Structures are given as structure tokens and as C-alpha cells.
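Visitor: For the sequence shown, our numbering assigns the number 3 to the initial residue and increments by one for each residue that follows.
Heads up, the beta-carbon is just placed ideally off N, CA and C, and yes, glycines get one too.
Computed from a predicted model, the values in this text were never measured in an experiment.
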Amino acid sequence: MRYIDTHTHLDFAAFDPDRDAVLDDCLQLGVERLVVLGVAVSNWQKVWQLTQQQPMLHAAFGLHPMFCAEHQPQHLDQLRQQLQNCSGHRQLCAVGEFGLDFYLDNTDRDAQQQLFEQQLALAADFSLPVLLHVRRAHAQCIATLKRFKLQRSGIIHAFSGSLEEAQEYLKLGFKLGIGGAATWPQAKRMHRTIAQLPANSIVLETDSPDMPPSFAVSQRNSPQNIPAIARHLAELRKQPVQQFAEQCWHNSCELFDWATTPVS
Numbered sequence: 003m004r005y006i007d008t009h010t011h012l013d014f015a016a017f018d019p020d021r022d023a024v025l026d027d028c029l030q031l032g033v034e035r036l037v038v039l040g041v042a043v044s045n046w047q048k049v050w051q052l053t054q055q056q057p058m059l060h061a062a063f064g065l066h067p068m069f070c071a072e073h074q075p076q077h078l079d080q081l082r083q084q085l086q087n088c089s090g091h092r093q094l095c096a097v098g099e100f101g102l103d104f105y106l107d108n109t110d111r112d113a114q115q116q117l118f119e120q121q122l123a124l125a126a127d128f129s130l131p132v133l134l135h136v137r138r139a140h141a142q143c144i145a146t147l148k149r150f151k152l153q154r155s156g157i158i159h160a161f162s163g164s165l166e167e168a169q170e171y172l173k174l175g176f177k178l179g180i181g182g183a184a185t186w187p188q189a190k191r192m193h194r195t196i197a198q199l200p201a202n203s204i205v206l207e208t209d210s211p212d213m214p215p216s217f218a219v220s221q222r223n224s225p226q227n228i229p230a231i232a233r234h235l236a237e238l239r240k241q242p243v244q245q246f247a248e249q250c251w252h253n254s255c256e257l258f259d260w261a262t263t264p265v266s
């Protein structure tokens with residue numbers, strides 16, 4: 003079986019001691035492609051350097067809403083320049099990670115919304131998919147996406163919303179990133195939603211090194227967990243795991259406009 007991890011932070015320091023060994027093991031496990039996401043100006047260079055060293059890696063660049071107070075107006079210009087510099091390269095796959103995070107009461111929602119819309123416009127300009135972080139902001143995100151009508155949609159990362167919210171994203175052409183959170187036994191609503199999602203709507207992700215699955219509690223999350231996550235999700239959906247894994251592979255390749263043959 004073959005897999006794609008559509009959301010990792012492999013550039014984070016947690017992987018510095020054994021990053022190459024992790025990637026070697028991923029290949030043995032069938033995890034043949036991974037997306038590494040930039041979250042701020044400060045990590046874009048490391049993300050791109052990593053992708054240039056490993057053909058199985060693909061890069062996305064964005065300004066994460068959780069660091070909204072740290073982002074400066076000129077960083078948006080730098081994001082445009084970063085995308086321009088990498089434009090046309092096969093390992094540039096998306097704009098992200100960005101979006102809306104209304105989890106904290108004191109967050110500056112207006113500033114987040116402005117930055118969100120500016121990055122959606124950049125994605126449209128470069129004809130790239132978007133990889134979106136959305137926490138307690140699905141209604142606002144959906145309303146904004148309806149206004150922008152992106153030609154290339156994207157992924158709603160770590161989706162844990164309702165079936166109704168999922169359906170709204172699917173109408174807009176988005177895929178839903180599902181990972182370790184769905185393996186926890188207490189995630190009952192998520193289990194019910196996942197069981198009802200169309201086959202062409204799900205892509206696999208880890209958010210590693212964060213959001214560990216139930217079988218790796220208190221451990222560093224890793225793309226190596228993707229096959230086990232896929233088994234859990236296939237069981238929830240009452241599907242053969244090989245069928246489910248292949249569908250997720252196809253969904254990811256369709257979104258990123260990748261050939262479905264393995265990476266050499």
C-alpha cells in the first residue's frame with residue numbers, strides 16, 4: 003500500500019536528531035510523499051532546503067494564524083516573493099499553513115481575517131491549492147471561501163467539524179485532512195462524520211510532530227504513523243484498508259495535480 007502525509011512539520015527541531023532515518027522508514031512503510039508546511043517567514047528557508055534534499059518532500063509556505071501578532075505587513079510581500087521564486091518547481095505544492103483560529107477569546111479576529119483573505123488572493127494569483135488551519139471558525143471560513151471561489155480549492159487541515167460543515171467544504175471542492183485525532187475512542191462525533199464522508203473527500207495527515215494518535219500517546223507524532231492511522235479510519239468506514247488507502251492516495255494526487263505513479 004502507498005500513502006501520502008499531506009500535513010507535516012518535518013522541519014521542526016523535534017526531527018533534527020533522526021529526520022533522515024524517519025524518511026527512510028517512511029519509504030519502507032509505503033509513505034512515499036510528504037508535505038512540509040511553512041508557518042512563518044522564519045522557517046520557510048529550512049522547509050525549502052529540506053525539500054530540495056529529498057524528492058519525496060513537497061513544500062507549502064504560509065503565515066499561520068496562531069502567530070498573527072508576530073507577522074508583519076512586509077511578510078506578505080515576502081510570501082509573494084517566496085512563491086514567485088519557487089513558482090513552477092515540482093516540489094512547491096500549495097500555500098499554507100494559514101487560516102483562522104478563534105480558539106482564544108482575546109484573538110484579533112479582524113487581523114486574522116485580513117491576513118486570511120490576503121493569502122487566499124495569493125493562492126489564486128499563483129493557481130495553487132490552500133492548506134487551511136481552521137479552529138472554531140468554520141462558519142467564517144466557509145463564508146469567506148464562498149466569496150473567493152478558488153479555482154484550485156485545497157485541504158481543511160485536522161478537520162473535526164460537523165457533517166454539515168464538511169458538506170459545505172465539499173461543495174467548494176475541498177478535501178478534509180484526517181489524522182490522529184480520529185483514532186481516539188472519545189472522538190465519537192468525528193467517528194460518525196468520518197463514516198459518512200464521501201470516498202473522494204478524505205486525505206491522510208499527521209500534523210507531526212504534534213497531534214499524536216491514541217496509539218502513540220505522549221510520543222512525538224511522525225509520518226511513520228500514517229499506515230496505522232489509515233487502518234483505524236478504514237475500520238471506522240467499514241472499508242478494506244487497501245481500498246481506503248488507495249482512495250486517499252488518489253484524492254491527494256488529484257488535489258495537488260500529481261502523477262499517481264510513485265516518486266523516484
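#1: Can you give the beta carbon distance from F63 to Q84, rounded, assuming they're within the 8 Å contact cut?
#2: With H, G and I counted as helix, E and B as strand and the rest as coil, what does DSSP make of S266?
#3: Who are the Cβ neighbours of T185 in its own chain at under 7 Å, not counting the five residues just before and after it?
#4: Thinking D110 and C70 are a contact (beta carbons under 8 Å), I'd like their distance in whole angstroms, please.
#5: How about L25 and Q56: are their beta carbons less than 8 Å apart?
#6: Classify Q47 as buried or exposed, calling it buried when 16 or more other Cβ atoms lie within 10 Å of its own Cβ.
#7: Name the one or two DSSP bridge partners that R137 has.
#8: For the beta strand (DSSP E) that T10 lies in, which residues bound it at each end?
#9: Quick one, which of P67, V205, H9 has its alpha-carbon nearest L39's?
#10: Specify the secondary structure class of F63 as computed by DSSP and reduced to three states.
#11: Does the segment 90 to 104 come close enough to the segment 128 to 135 that 3 or more CB-CB pairs lie under 8 Å?
#12: Helix, strand or coil for H91? Go by DSSP, reduced to three states.
#13: At the level of alpha carbons, what is the spacing between A168 and Q51?
#14: I believe T208 touches I180 by the beta-carbon criterion, under 8 Å. Please report the beta-carbon distance rounded to the nearest angstrom.
#15: Beta-carbon separation of P225 and C88 under 8 Å?
#16: Bridge partners of K177, per DSSP?
#17: Which same chain residues, not among the five before or five after L78, have their C-beta less than 6 Å away from its C-beta?
#18: Using alpha carbons as the reference points, say which of A189, D18, G175, S162 lies closest to K148.
#19: What first and last residue would you give for the beta strand (DSSP E) that runs through L117?
#20: Could you tell me the distance, in whole angstroms, from the CA atom of Q76 to the CA atom of R154?
#21: May I have the straight-line CA-CA distance separating F258 from V219, to the nearest angstrom?
#22: In terms of residue numbering, what span does the beta strand (DSSP E) encompassing L36 cover?
#23: Mind checking whether V132 and L152 have CB atoms under 8 Å apart?
#24: Looking at the structure shown, is V132 part of a helix, part of a strand, or coil, going by DSSP?
Guide: Once the coordinates are examined:
#1: 5 Å
#2: Reliability fails at S266, whose pLDDT of 47 lies under 50, so the model's placement of it is uncertain and the value that follows must be treated cautiously. In this structure, S266 counts as coil in the three-state DSSP scheme.
#3: P215, S216, F217, I231, H234
#4: 6 Å
#5: yes
#6: exposed
#7: D103
#8: 5 to 10
#9: H9
#10: strand
#11: yes
#12: coil
#13: 35 Å
#14: 10 Å between Cβ atoms; not a contact.
#15: no
#16: I157
#17: Q120
#18: G175
#19: Unbroken run through L117 is the alpha helix (DSSP H), 111 to 128; no beta strand (DSSP E).
#20: 26 Å
#21: 31 Å
#22: 33 to 39
#23: yes
#24: strand
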